[in-house]
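Peer 1:
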Amino acid sequence: MDRIQEAVTFVGRPFPDTMMDKQRSYTACNMKMENDPVFQKFLKDNNLQTQRTNMIVFGPDNFMYWYGVLTNKVKNIPSGLMKYQLPKAKVAEESSADQTLAFFNMPLNAVLPKFLKKLATRGVKVYENVGDSPTPYVLQTLNLDTKKLTQTLYVEASK
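Numbering (my numbering), first residue to last: -2 to 156.
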């Protein structure tokens, strides 16, 4: 499904590509966030306990992995968490059912190429190096209640 995503704020914590484990995943980083009392209090205080998002912000030669949530309701970000403002943009998405937080621990070098290939077969313009895109963002959002996972590629910034 392709749609326009309004500008939205990602709140969480970034982890450099050097923190990826031998399986090419961020399992330890994800667990660190899930066990972080500041993050858990932030989720509870903002009624976001059932939402999780990981975001990959690509550069030409590397990327930054973020773990947290998407929201536009929060005014005060607690110390220890950071925010990242995503622009209003055209996005391309794929959804799947019956997913859990374990999905976020899968190797990125397996999950992302599969997702991007699905989009390319649908005719979505996918940069060979996502870091060359003016909108170098891939998000994976999980609703813990419905177990619906949505993978999102930012395709083009809206005017």
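For each residue, glycine too, the CB sits at the ideal point set by N, CA and C.
1) Within 10 angstroms of the Cβ of Asn27, are there 16 or more other Cβ atoms? Answer buried if so, exposed if not.
2) Taking the alpha carbon of Met52 as the point to measure from, which residue in Val35, Asp142, Val127, Lys144 has its own alpha carbon closest?
3) Can you say whether Gly77 is buried or exposed, counting buried as having 16 or more other CB atoms within 10 angstroms of its CB?
4) Would Val66 and Leu45 be called neighbours here (beta carbons separated by less than 8 Å)?
5) For Lys190 and Ala89, I'd like the C-alpha separation in whole angstroms.
6) Note the first and the last residue of the continuous alpha helix (DSSP H) segment covering Leu109.
7) Output the boundary residues of the beta strand (DSSP E) element that contains Lys145.
8) Would you tell me roughly how many angstroms separate the C-alpha atoms of Lys144 and Phe101, rounded to the nearest one?
Peer 2: On the basis of the coordinates in this document:
1) buried
2) Val127
3) exposed
4) yes
5) An answer regarding residue 190 cannot be provided, because it is not within the stretch -2 to 156 covered by the chain.
6) 105 to 118
7) 145 to 154
8) 13 Å
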